[in-house]
Amino acid sequence: MNVRLRITRQMVERTLDDLQRPHDFAYERVGFIFCKQSEIPSGVLLLPYRYQALRDEQYIADETVGARFDSSSIREAMQIALTDGSSALHVHLHDHKGIPGFSGTDRREMQSLMPCFVNMRPDRVHGALVLSLDSAAGLVWSTGRADSERMRITVIGPTMKFFG
Amino acid sequence: MVAEDHIQELRPLCSDLKTTSEAGIDYVLLPGLKMPDGCSPAVVDCLLCLGPRDGYPNRLYFAQIVNSRGARNWNGQNIRIAERNWFAYSWRVPEGLRPIEALIAHLQALR
Amino acid sequence: MENRFSRQSFLGPEASSIFSECTIGIVGLGGGGSHIAQQLAYLGIGRFLLYDSDKAEATNMNRLIGASFEDARQGTRKVEIAARSISAVNPGARVHCYPCVWQEAAKTIREADVIVSCVDSYAARQDLEVTARRFLIPLVDIGMDVFLVDNNAHIAGQAILSVPNGPCMRCLGFLNDENLRREAEEYGAAGGRPQVVWSNGVLASIAVGIVASLLTGWNGPLSNGEYLHFDGNTNKVWRSPRLNFAPERCSHFPEDFVGEPAFG
Chain A
2 MNVRLRITRQ MVERTLDDLQ RPHDFAYERV GFIFCKQSEI PSGVLLLPYR
52 YQALRDEQYI ADETVGARFD SSSIREAMQI ALTDGSSALH VHLHDHKGIP
102 GFSGTDRREM QSLMPCFVNM RPDRVHGALV LSLDSAAGLV WSTGRADSER
152 MRITVIGPTM KFFG
Chain B
14 MVAEDHIQEL RPLCSDLKTT SEAGIDYVLL PGLKMPDGCS PAVVDCLLCL
64 GPRDGYPNRL YFAQIVNSRG ARNWNGQNIR IAERNWFAYS WRVPEGLRPI
114 EALIAHLQAL R
Chain C
-19 MENRFSRQSF LGPEASSIFS ECTIGIVGLG GGGSHIAQQL AYLGIGRFLL
31 YDSDKAEATN MNRLIGASFE DARQGTRKVE IAARSISAVN PGARVHCYPC
81 VWQEAAKTIR EADVIVSCVD SYAARQDLEV TARRFLIPLV DIGMDVFLVD
131 NNAHIAGQAI LSVPNGPCMR CLGFLNDENL RREAEEYGAA GGRPQVVWSN
181 GVLASIAVGI VASLLTGWNG PLSNGEYLHF DGNTNKVWRS PRLNFAPERC
231 SHFPEDFVGE PAFG
């Protein structure tokens, strides 16, 4: 399936601002971007309308990973996706310039998390977005597919950026 | 935002009505609205626009052109609102009316 | 044709691949749109969505780029003329012709990375901008008019860039209730609107320049929108002072105004 994400520069900046905030013990922050999903002739278009930061108290201390978050954060994200009928994208930051990649840990975590969203709302794709300081990459999961697919990302602003 | 009591006044004419807003203008979707006698089709999805738009203080849009006893000038064709295409005739209804009054006044043109 | 884009290498090393992978929707393939289609083909745009229900006729032949005498005689569809122009320059470009008003193929326009609006009414612009905002697509709009003042003809035109979250055409004062009301009152007034090829060409070229900047950032970041006036009598182009007063964030299209409409 052809999945395209169009995200405004303002939302990317707001997301980066949050993800770059220091946390008392978590090495990195994560959040969720919620998207309206629309059909296009070649596939699916995701249009972000809301960024949801995790609250400080929703992080769990775990030195083996960059960030571990509690079940309340996942429940809240799933509730928003269900209530709004939207697609949920888990988002985190790789603090460098250049094209970010999903690490083995990223993929494993998302492979276990995203099917929960898909099962809850199978008429939507859900996925993961990783941002770098100047780039982005994304994966999506959809019903009927065991594995993720890449999504094409366009950042909308006075200069457009294309990734994937 | 359309006042709730104004919306309730419309329900006897269309129980499935819904509201939406686009570019700062409020609309009431009236699915399967019954047309005045003599019209074809007899039932049409309509969209009541409650704000100034296209040079009209308010306007009633139809999902298709309606044949009526009184010939109308359908000067609004393929107007895109809320991701659907609509049609409208030239008919001016004063502003300041309640939605039910505006709707009845617009439908009057088809009698 | 390896060196095809060597003269535009200053647009950046990624420019050619960006252009070739980009989809541009052009609504209206008349005097302005026909210029734009041809120029974008020269730029290297790889995919076009073309919307126009009209056919070529004699009165177009003072300005319809790519149209031949035979096209006017036979009534060739304007989208087909534009497609032919594009393919002649870039045979590899994928061109999708929709010989109808764009609203009748509305879902297809969602695929566009940029929409170029060459429509001929405020009402049409209003509708197209709403769709562009819903689907987070930057919109470049051009138009020209000829006004008679004391029996003297004055040519005026505009080029506007409307970027999602940035000021819209209402924020910029170009679309307003007064213009729309006056247009509705004049609906059906006899006669076609005066149009000339050189003014269309100037505005079309400005639009293509805006598209190129938007896609590549070669000229540094554009401001969050653009509004340029063109005076066809003095051949001057200048930035509208309205940009100084436009809000940084649009107040007519909130950030959550995306996708299919929500009904309550």
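For the record, the sequence lines run as chains A, B and C.
Mapped onto our numbering, the consecutive letters of the first sequence carry residue numbers 2 to 165.
Mapped onto our numbering, the consecutive letters of the second sequence carry residue numbers 14 to 124.
Mapped onto our numbering, the consecutive letters of the third sequence carry residue numbers -19 to 244.
The beta carbon of each residue, even a glycine, is placed where N, CA and C say it ideally should be.
For residue i, the first and last residue of its enclosing alpha helix (DSSP H)
i: histidine 15 of chain C; result: 11 to 23
i: tryptophan 178 of chain C; result: 177 to 196
i: threonine 214 of chain C; result: No alpha helix (DSSP H) contains threonine 214 of chain C, which DSSP labels as neither H nor E.
i: leucine 223 of chain C; result: 222 to 225
i: isoleucine -2 of chain C; result: -5 to 1
i: aspartate 51 of chain C; result: 49 to 54
i: asparagine 159 of chain C; result: 157 to 165
i: isoleucine 66 of chain C; result: 58 to 69
i: leucine 23 of chain B; result: 17 to 23
Distance, residue j Cα to residue i Cα
i: tryptophan 1 of chain A; j: glycine 239 of chain C; result: In the structure displayed, chain A extends from 2 to 165; residue 1 of chain A sits before or after that span and is not available.
i: glutamine 175 of chain C; j: glycine 46 of chain C; result: 16 angstroms
i: lysine 47 of chain B; j: valine 120 of chain C; result: 41 angstroms
i: alanine 52 of chain C; j: glutamate 60 of chain C; result: 12 angstroms
i: arginine 30 of chain A; j: glycine 212 of chain C; result: 55 angstroms
i: glutamate 17 of chain B; j: glycine 244 of chain C; result: 11 angstroms
i: alanine 122 of chain B; j: valine 57 of chain B; result: 15 angstroms
i: arginine 22 of chain A; j: proline 241 of chain C; result: 34 angstroms
i: glycine 44 of chain A; j: arginine 113 of chain C; result: 19 angstroms
i: alanine 133 of chain C; j: phenylalanine 127 of chain C; result: 6 angstroms
i: glutamine 83 of chain C; j: glutamate 40 of chain A; result: 16 angstroms
i: glycine 37 of chain B; j: serine 231 of chain C; result: 9 angstroms
i: proline 49 of chain B; j: tyrosine 78 of chain C; result: 36 angstroms
i: proline 112 of chain B; j: cysteine 52 of chain B; result: 22 angstroms
i: alanine 170 of chain C; j: leucine 208 of chain C; result: With a pLDDT of only 48 at alanine 170 of chain C, under 50, the local geometry of the prediction cannot be trusted, and the value read off the model is given with reservation. Looking at the two C-alpha atoms, the distance is approximately 29 angstroms.
i: isoleucine 8 of chain A; j: serine 81 of chain B; result: 46 angstroms
i: histidine 119 of chain B; j: valine 99 of chain C; result: 29 angstroms
i: serine 185 of chain C; j: alanine 55 of chain B; result: 50 angstroms
i: leucine 20 of chain C; j: methionine 115 of chain A; result: 41 angstroms
i: arginine 97 of chain B; j: alanine 115 of chain B; result: 22 angstroms
i: phenylalanine 233 of chain C; j: proline 227 of chain C; result: 12 angstroms
Distance CB(residue i)-CB(residue j) smaller than 9 angstroms
i: phenylalanine 115 of chain C; j: histidine 76 of chain C; result: no
i: proline 159 of chain A; j: proline 201 of chain C; result: yes
i: leucine 183 of chain C; j: isoleucine 122 of chain C; result: yes
i: isoleucine 94 of chain B; j: glutamate 35 of chain B; result: yes
i: alanine 82 of chain A; j: arginine 122 of chain A; result: yes
i: leucine 108 of chain C; j: methionine 161 of chain A; result: no
i: glycine 139 of chain A; j: arginine 125 of chain A; result: no
i: leucine 94 of chain A; j: leucine 132 of chain A; result: yes
i: glycine 192 of chain C; j: leucine 23 of chain C; result: According to the sequence shown, residue 192 of chain C is alanine rather than glycine. Result yes, Cβ atoms of alanine 192 of chain C and leucine 23 of chain C sit closer than 9 angstroms.
i: leucine 30 of chain B; j: leucine 42 of chain B; result: yes
i: serine 97 of chain C; j: alanine 104 of chain C; result: yes
i: methionine 111 of chain A; j: alanine 129 of chain A; result: yes
i: glycine 99 of chain A; j: serine 136 of chain A; result: yes
i: aspartate 32 of chain C; j: glycine 13 of chain C; result: yes
i: alanine 27 of chain A; j: tyrosine 50 of chain A; result: no
i: asparagine 91 of chain B; j: tryptophan 104 of chain B; result: no
i: aspartate 39 of chain B; j: cysteine 62 of chain B; result: yes
i: valine 13 of chain A; j: valine 156 of chain A; result: yes
Boundaries of the beta strand (DSSP E) in which residue i is found, first to last residue
i: valine 56 of chain B; result: 56 to 62
i: serine 34 of chain B; result: 31 to 35
i: leucine 6 of chain A; result: 3 to 9
i: threonine 155 of chain A; result: 153 to 157
i: phenylalanine 75 of chain B; result: 72 to 75
i: valine 131 of chain A; result: 127 to 132
i: tyrosine 31 of chain C; result: 27 to 31
i: valine 141 of chain A; result: 137 to 142
i: leucine 152 of chain C; result: Element bounds for leucine 152 of chain C: n/a, residue is neither H nor E.
My parser needs the alpha helix (DSSP H) runs of 4 or more residues fully inside the segment 78 to 149 of chain C; what are they? 86 to 89, 102 to 114
Interface residues of the segment 98 to 131 of chain A facing chain C [CB-CB below 9 angstroms]: none
Residues within the segment 77 to 105 of chain C neighbouring chain A, beta-carbon criterion of under 9 angstroms: Lys87, Thr88, Arg90, Glu91, Asp93, Val94
Beta strand (DSSP E) runs wholly inside the segment 93 to 121 of chain B, at least 3 long, in chain order: 97 to 101
Please go through the segment 20 to 104 of chain A and give each complete alpha helix (DSSP H) segment of 4 or more residues, from N-terminal end onward. 72 to 85
Compile a chain-ordered list of the residues in the segment 199 to 213 of chain C whose CB is closer than 7 angstroms to at least one CB of chain A. Pro201, Leu202, Ser203, Asn204
If contact means a Cβ-Cβ distance below 9 angstroms, which residues of the segment 63 to 89 of chain B contact chain C? Pro65, Arg66, Asp67, Gly68, Tyr69, Asn86, Asn88, Gly89
What residues from the segment 37 to 66 of chain B come within 8 angstroms of chain C, judged by C-beta to C-beta, listed N to C? Gly37, Leu42, Pro65, Arg66
Near-chain A residues of the segment 106 to 122 of chain C - C-beta to any C-beta below 9 angstroms: Arg114, Phe115, Leu116, Ile117, Pro118
Against chain A: residues of the segment 117 to 151 of chain C by CB proximity under 7 angstroms: Pro118, Val143, Pro144, Asn145
Closer than 9 angstroms, Cβ to Cβ, to anything on chain C: give me those residues from the segment 11 to 43 of chain A, in chain order. Gln11, Met12, Cys36, Lys37, Gln38, Ser39, Glu40, Ile41, Pro42, Ser43
Closer than 7 angstroms between beta carbons: that is the criterion. Which residues of the segment 99 to 114 of chain B meet it against chain C? none
Going along the chain, which residues of the segment 217 to 235 of chain C sit with their C-beta nearer than 7 angstroms to a C-beta in chain A? Glu235
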